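Working notes, structure below.
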Amino acid sequence: MTRADSLVAHKFRLGRRNTLHRNSQFQYVYRRGKSAGCTHFTLIFLPGRQLKLGISVSRKIGCAVTRNRVKRLLRENFRLMQHEVHTGQYVLIARPPAAQADYHTLGRSLRYVLKREGLLLEV
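Positions in the sequence shown are counted from 1; adding 66 to them yields my numbering.
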């Protein structure tokens, strides 16, 4: 990997400082954020200075393997779109149909909800 490739890869990282970890952080977004949804998930957004993502997948979705798969797919789709969205705190709450959805379906749903709510930047 060349230095240029490394810089490009680093630019698309969704690091630890860009994720919500504590229950209090999630609760803050739940209380003050604006929500929108689709078949596969509910999105809650709170404007802010820094981009942060939190993903919540309940046991209703399925076993641990299924829940982790849904989290990975949502995180990866968001990671690739991070430069196209407004800064703020985002929480994605998975719904049961997300367990059967593939990577591209979740990506289309995420883009659709972000666009509908005006959270995509004008490029």
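Glycine included, every Cβ here is placed at the ideal spot set by N, Cα and C.
Given the structure is predicted, the values throughout are model-derived calculations rather than measurements.
Residues that DSSP places opposite residue i in a beta bridge
| i | result |
| --- | --- |
| PRO162 | Looking at the DSSP assignment, PRO162 forms no beta bridge with any residue, so it has no partner. |
| SER101 | ILE110 |
| LEU186 | VAL151 |
| VAL136 | In the DSSP output, where bridge partners are listed per residue, VAL136 has none listed. |
Three-state secondary structure (DSSP) of residue i
| i | result |
| --- | --- |
| VAL123 | coil |
| GLN116 | coil |
| THR108 | strand |
| ARG79 | coil |
Endpoints, alpha helix (DSSP H) assigned at residue i
| i | result |
| --- | --- |
| THR171 | 169-182 |
Top-ranked residue by Cα proximity to residue i, from the options
| i | options | result |
| --- | --- | --- |
| ALA167 | GLN155, LEU112, ARG138, SER90 | ARG138 |
| PHE111 | GLU188, ILE159, PRO163, ALA164 | ILE159 |
| LYS126 | VAL136, ARG177, LEU117 | VAL136 |
| ARG98 | ARG79, TYR178, GLN155, LEU119 | GLN155 |
| HIS152 | LEU186, GLY81, HIS106 | LEU186 |
| PHE107 | ARG182, ASN134, PRO163, LYS118 | PRO163 |
Cα-Cα separation, residue i to residue j
| i | j | result |
| --- | --- | --- |
| GLN91 | TYR169 | 27 Å |
| ARG115 | CYS104 | 26 Å |
| THR85 | VAL179 | 20 Å |
| ARG141 | GLU150 | 15 Å |
| CYS129 | GLY184 | 34 Å |
| ARG161 | ARG182 | 19 Å |
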